[in-house]
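A.B. asks:
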Amino acid sequence: MRDTRDIQDKSVDSVEAVEAVEAVESGGADRPRPAPPISELLDAAARAALPVLRTVRDDQLGLPTPCAEYDLRALLNHLFHVVVAFQALAAKQEADFSRTPDRLGEYGARWPDRFVQEAARLVEAWAAPGAEDGVSGGMGLPARTVGAMVLLDLVVHTWDVARATGRPYEAPTGCVAELRTLVARMAPTARRMNVFAEPVPVPPGATALDALLAETGRNPLG
39 MRDTRDIQDK SVDSVEAVEA VEAVESGGAD RPRPAPPISE LLDAAARAAL PVLRTVRDDQ
99 LGLPTPCAEY DLRALLNHLF HVVVAFQALA AKQEADFSRT PDRLGEYGAR WPDRFVQEAA
159 RLVEAWAAPG AEDGVSGGMG LPARTVGAMV LLDLVVHTWD VARATGRPYE APTGCVAELR
219 TLVARMAPTA RRMNVFAEPV PVPPGATALD ALLAETGRNP LG
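So for the sequence shown, my numbering puts the first residue at 39; every next one is plus one.
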């Protein structure tokens, strides 16, 4: 999966992309109960991510990750940037994806604590009244879909970090359920945009997280 900037850059000009993600919003008839607020899912995802992120050592930052274009340091800086930028999108403001700041370099050994703070601000931003309503600023997509996009980065990139460092990771069930719906709707368009790689087959009995990862082009069992 490439970074979220690619979705922003291309989706605003793609009617197909907007139609695909709007289908997520109209799929409620298939759900037995209303989906939880995005803020709750983001909070759960952040809590699950932090034990993985806090175990990253300085001597591991050059390791490769399942995202071929990122080593571990670049991936963490990308994830940090997404968590900060999507706070603005929750408020229907513009977000700058033209460059990725080196927050690990800026914060040094304190970067995990700063990530905790920014993740809390992200949750707060998406819990604000009206955050999930209407269309998000800049991206031209339904606001809840945009919230689910940062949730996707938080869950999938935490798995990437865990895989790179050999740490266990278990994503919250509610987050995975939300994201499988999102990815099922967005995947064909995302693959045409080279945001997702081609899906990877998974054997019967694979977990829901394995299936989600496979849909983004990752090999969860390899």
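We put the CB at the ideal spot given by N, CA and C, even for glycine.
Give a yes or no on whether the C-beta atoms belonging to LEU192 and PRO150 are separated by under 7 Å.
C.D. replies: In the sequence shown, counting from the first residue as 1, residue 192 sits at position 154. In the sequence shown, counting from the first residue as 1, residue 150 sits at position 112. Not a contact, by the Cβ cut-off of 7 Å.
A.B. asks: Do the CB positions of LEU250 and LEU217 come within less than 7 Å of each other?
C.D. replies: Residue 250 sits at position 212 when you count from the first residue of the sequence shown. Residue 217 sits at position 179 when you count from the first residue of the sequence shown. Against a cut-off of 7 Å, the Cβ pair of LEU217 and LEU250 comes out as a contact.
A.B. asks: What residues in its chain sit with their C-beta under 7 Å from that of ALA87, if we drop five residues either side in the sequence?
C.D. replies: For this step, residue 87 is matched to residue 49 along the sequence shown. For ALA87, where only same-chain residues beyond five positions count, the Cβ hits under 7 Å are LEU192 and THR196.
A.B. asks: Does the contact criterion of 3 or more C-beta pairs under 8 Å hold for the region 74 to 84 versus the region 211 to 227?
C.D. replies: Counting Cβ pairs under 8 Å, three or more are found: they touch.
A.B. asks: State the DSSP-derived secondary structure class of ASP151, mapped to helix, strand or coil.
C.D. replies: Position 113 of the sequence shown, counting from 1, holds the residue named residue 151. Three-state DSSP puts ASP151 in a helix.
A.B. asks: Enumerate in chain order the residues of its own chain whose CB-to-CB distance from LEU127 is below 7 Å, with the five nearest sequence positions on each side excluded.
C.D. replies: Here residue 127 refers to the residue found at position 89 when the sequence shown is read from its first residue. The answer, listed in chain order, is ALA133, SER174, GLY175, GLY176, MET177 and VAL184.
A.B. asks: Give the secondary structure of ASP109 by DSSP, where H, G and I count as helix, E and B as strand, and everything else as coil.
C.D. replies: What you label residue 109 is simply residue 71 of the sequence shown in a count that begins at 1. Strand.
A.B. asks: Using C-beta distances below 6 Å, list every residue in its chain close to ARG85, excluding the 5 sequence neighbours before and after it, in chain order.
C.D. replies: Here the question's residue 85 lines up with position 47 in the sequence shown. Same-chain partners within the cutoff: there are none.
A.B. asks: Mind checking whether ALA181 and GLY172 have CB atoms under 7 Å apart?
C.D. replies: Taking the first residue of the sequence shown as position 1, residue 181 is located at position 143. Taking the first residue of the sequence shown as position 1, residue 172 is located at position 134. Yes. Within cutoff.
A.B. asks: Compare the C-alpha of GLU236 against each of PRO206, THR227 and ASP140 and name the closest.
C.D. replies: In the sequence shown, counting from the first residue as 1, residue 236 sits at position 198. Among PRO206, THR227 and ASP140, the Cα nearest to that of GLU236 is on THR227.
A.B. asks: Would ASN232 be called buried (16 or more neighbouring beta carbons within 10 Å of its own) or exposed?
C.D. replies: Position 194 of the sequence shown, counted from the start, is the residue given in the question as residue 232. Flag for ASN232 reads exposed.
A.B. asks: Apart from the five residues on each side of it in sequence, which residues of its chain come closer than 8 Å, Cβ to Cβ, to ALA83?
C.D. replies: As a first step, residue 83 must be located in the sequence shown, where it is residue number 45. If we look at ALA83 and ignore the five residues flanking it on each side, its Cβ neighbours are LEU189, LEU192, VAL193, THR196, ALA209, PRO210 and CYS213.
A.B. asks: ASP198: buried (16+ other C-beta within 10 angstroms of its C-beta) or exposed?
C.D. replies: Position 160 of the sequence shown holds residue 198. So ASP198 counts as buried.
A.B. asks: Do the CB positions of ARG111 and LEU142 come within less than 7 Å of each other?
C.D. replies: Residue numbering aside, residue 111 sits at position 73 when the sequence shown is read from its first letter. Residue numbering aside, residue 142 sits at position 104 when the sequence shown is read from its first letter. Contact flag set, yes.
A.B. asks: Please check the pair ASP140 and ASN115, which I expect to be a contact at CB under 8 Å, by giving their CB distance rounded to whole angstroms.
C.D. replies: Position 102 of the sequence shown holds residue 140. Position 77 of the sequence shown holds residue 115. Confirmed, Cβ separation roughly 6 Å.
A.B. asks: Is the Cβ-Cβ distance between GLU156 and VAL120 less than 7 Å?
C.D. replies: Residue numbering aside, residue 156 sits at position 118 when the sequence shown is read from its first letter. Residue numbering aside, residue 120 sits at position 82 when the sequence shown is read from its first letter. It is not a contact, given that the beta carbons lie outside the stated cut-off.
A.B. asks: Closest to ARG230 by C-alpha separation, out of LEU113, GLU144 and THR254, would be which residue?
C.D. replies: One-based indexing of the sequence shown puts residue 230 at position 192. Nearest of LEU113, GLU144 and THR254 to ARG230, Cα basis: THR254.
A.B. asks: Short check: CB of ARG152 to CB of TYR145, under 7 Å?
C.D. replies: The residue labelled residue 152 in the question sits at position 114 within the sequence shown. The residue labelled residue 145 in the question sits at position 107 within the sequence shown. For ARG152 and TYR145, yes; Cβs fall inside 7 Å.
A.B. asks: Assuming PRO102 and ALA202 are in contact, meaning their beta carbons sit under 8 Å apart, how far apart are those beta carbons, in whole angstroms?
C.D. replies: As a working mapping, residue 102 is identified with position 64 in the sequence shown. As a working mapping, residue 202 is identified with position 164 in the sequence shown. Confirmed, Cβ separation roughly 7 Å.
A.B. asks: Evaluate ALA107 with the Cβ neighbour count: other Cβ atoms within 10 Å of its Cβ, from every protein chain shown; 16 or more gives buried, anything less gives exposed.
C.D. replies: The residue labelled residue 107 in the question sits at position 69 within the sequence shown. It is Glu, not Ala, that sits at residue 107 in the sequence shown. The residue in question, GLU107, is exposed, as its Cβ has fewer than 16 Cβ neighbours within 10 Å.
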